[in-house]
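A.B. asks:
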Amino acid sequence: MNYIVFDLEWNQCPGGKKGANKKIPFEIIEIGAVKLNNEKEVTDTFHQMICPQVYNWIHESIHEVIHVDYKDLLEGVPFPQAAREFLEWCGTDYIFCTWGNQDLTEFQRNLKYYDMLCLLLGPVYYYDAQKLFSWFHEHKKQRRGLEYAVDTLGLAKNRCFHRAEEDAEYTAEVFRCLDRDVIKPYLSVDVYQNPARKKEEIHISYPSYDKYISREFTDKEKIMKDREVTSTRCPLCHIPAKRKIRWFMNNNSRVYESISFCQEHGYVKGKIRIRKTDEGGYYAVKTIKNVDEEKAEEIREKRDSLRRKRRMHSAGASQEKI
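In case it helps, this note's numbering puts the sequence shown at residues 1 to 322.
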């Protein structure tokens with residue numbers, strides 16, 4: 001099996017969001033990739049500039065970062081050709097690796113725009129080197145920039161940043177520094193191609209937490225009425241845990257949290273994030289993990305604080321009506 005470490009650069013509407021094509025808000029203009037074998041040795045590289053078909057100028061902020069002129073892109077190939085060449089270069093036995101969780105989503109969105117999504121069936125599993133670096137090198141959840149990781153690991157900086165080919169090479173070097181046996185179980189899943197039906201729903205058990213990705217719903221209110229979505233099983237023994245704090249909505253209307261209790265393994269924290277598809281449907285991404293009593297109490301205090309704020313807001317609104 002090979003690891004395909006890739007990076008993308010993309011453009012957006014130079015006139016701002018109002019003029020953007022909603023089907024392709026970010027148009028890919030460069031693909032860079034490094035192929036690693038099973039021992040994480042570099043065996044090949046890929047690079048292709050892409051001639052824009054949607055936006056006819058480089059957005060000012062994009063130009064400031066990647067320093068590419070529009071005329072340079074005209075020498076590239078159309079995205080459909082670049083995508084086919086890239087996927088053919090990947091081969092048949094590989095797993096993607098990226099810095100962060102956006103490149104795969106935008107690659108699929110661009111494929112979909114050109115009716116080519118059949119070339120990369122999803123959901124797509126991959127390694128998120130940015131997340132893994134934070135987890136297993138710094139033991140933190142905070143996501144770091146690629147240059148920060150390169151500096152922290154003491155890697156040579158003999159190339160520029162913010163270009164697809166160079167960033168793919170830097171990401172590959174960071175990925176090679178991560179312990180393969182430690183990170184192996186932590187495959188991320190990109191759900192741009194989310195489960196459409198009940199039988200396609202995803203259940204993943206990681207060493208330290210469980211993840212569930214629901215089928216698609218027509219509206220988000222129905223999600224929190226679904227038993228499977230709101231169920232809470234202990235990640236260690238997978239026995240239903242008794243609810244101590246019912247699901248409550250966080251400050252963000254698409255995030256819910258809860259606390260349950262497993263008789264054998266203690267407190268269990270649940271978090272549900274509601275995502276929206278490009279077509280206007282909704283699905284849930286639920287994570288379940290064991291926490292200590294201090295974290296459980298922190299969640300309780302958060303719920304109580306939100307309740308107080310909502311009561312005060314409701315009382316204020318009632319007074320205004322009077």
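Every residue gets a Cβ at the ideal spot worked out from N, C-alpha and C, and that includes glycine. Remember, it's a predicted structure, so these values are computed and weren't measured experimentally.
Taking its Cβ as the centre, do 16 or more other Cβ atoms sit within 10 Å of residue 208, making it buried, or is it exposed?
C.D. replies: Residue 208 should be labelled exposed.
A.B. asks: Between residue 124 and residue 226, is the Cβ-Cβ spacing less than 7 Å?
C.D. replies: No. Outside cutoff.
A.B. asks: Who pairs with residue 36 in a beta bridge, going by DSSP?
C.D. replies: According to DSSP, residue 36 bridges with 3, 42.
A.B. asks: Taking the beta strand (DSSP E) that residue 166 belongs to, which residues open and close that run?
C.D. replies: Not the beta strand (DSSP E): residue 166 falls in the alpha helix (DSSP H), residues 164-177.
A.B. asks: The alpha helix (DSSP H) that contains residue 90, what's its start and end?
C.D. replies: Here the alpha helix (DSSP H) through residue 90 covers 79-90.
A.B. asks: So, residue 5 versus residue 248, is the Cβ gap smaller than 7 Å?
C.D. replies: Contact flag unset, no.
A.B. asks: Please name the residue, chosen from 296, 278, 273, that lies closest to residue 285 on a Cα-to-Cα basis.
C.D. replies: Minimum Cα distance to residue 285 is reached at 273.
A.B. asks: CB residue 48 to CB residue 26, shorter than 7 Å?
C.D. replies: No.
A.B. asks: So is residue 150 buried or exposed if we call it buried at 16+ other beta carbons inside 10 Å?
C.D. replies: Buried is the call here.
A.B. asks: Taking the continuous beta strand (DSSP E) assigned at residue 287, which residues delimit it?
C.D. replies: Where residue 287 is concerned, the enclosing beta strand (DSSP E) stretches over 282-290.
A.B. asks: Leaving aside the five residues before and after residue 78 along the sequence, list all residues of the same chain whose C-beta is less than 8 Å from its C-beta, in chain order.
C.D. replies: If we look at residue 78 and ignore the five residues flanking it on each side, its Cβ neighbours are 50, 51, 53.
A.B. asks: Where residue 196 and residue 215 are concerned, what is the direct C-alpha to C-alpha distance, given to the nearest angstrom?
C.D. replies: Taking the straight line joining both Cα atoms gives about 5 Å.
A.B. asks: Classify residue 32: buried if its beta carbon has 16 or more other beta carbons within 10 angstroms, exposed otherwise.
C.D. replies: So residue 32 ends up on the buried side.
A.B. asks: Quick check: the Cα distance between residue 270 and residue 129, rounded to an integer number of angstroms?
C.D. replies: Straight-line Cα distance between these residues: approximately 25 Å.
A.B. asks: Nearest to residue 261 by alpha carbon, out of 137, 76, 135, 293?
C.D. replies: It is 293.
A.B. asks: Under 7 Å between the Cβ atoms of residue 237 and residue 268?
C.D. replies: No, they are not a contact pair.
A.B. asks: From this set, 106, 172, 60, which residue's C-alpha is nearest residue 192's C-alpha?
C.D. replies: If we check each option's Cα against that of residue 192, 106 comes out closest.
A.B. asks: Mind checking residue 97: buried by the 16 CB within 10 Å criterion, or exposed?
C.D. replies: Classification of residue 97: buried, given that the 10 Å Cβ count is 16 or more.
A.B. asks: Identify which residue in 2, 58, 9 has its Cα closest to the Cα of residue 38.
C.D. replies: That would be 2, whose Cα lies nearest to the Cα of residue 38.
A.B. asks: Going along the chain, which unbroken runs of the alpha helix (DSSP H) with 4 or more residues stay wholly within the region 98-150?
C.D. replies: Taking only runs of at least 4 residues, the alpha helix (DSSP H) segments lying wholly in the region 98-150 are 103-113, 129-136.
A.B. asks: So if DSSP puts residue 8 in a beta bridge, which residue, or which two residues, is it bridged to?
C.D. replies: In the DSSP output, where bridge partners are listed per residue, residue 8 has 31.
A.B. asks: What span of residues does the alpha helix (DSSP H) with residue 182 cover, start to end?
C.D. replies: First-last of the alpha helix (DSSP H) with residue 182: 180-183.
A.B. asks: Mapping DSSP to helix, strand and coil, what is residue 270?
C.D. replies: Correct three-state label for residue 270: strand.
A.B. asks: Compare the Cα-Cα distances from residue 250 to each of 310, 103, 14 and report the closest residue.
C.D. replies: Answer by Cα proximity: 310.
A.B. asks: Is residue 222 near the ligand HEM, in the sense that its beta carbon is under 6 Å from a heavy atom of that ligand?
C.D. replies: The ligand HEM is absent from the structure shown, which contains no ligands of any kind.
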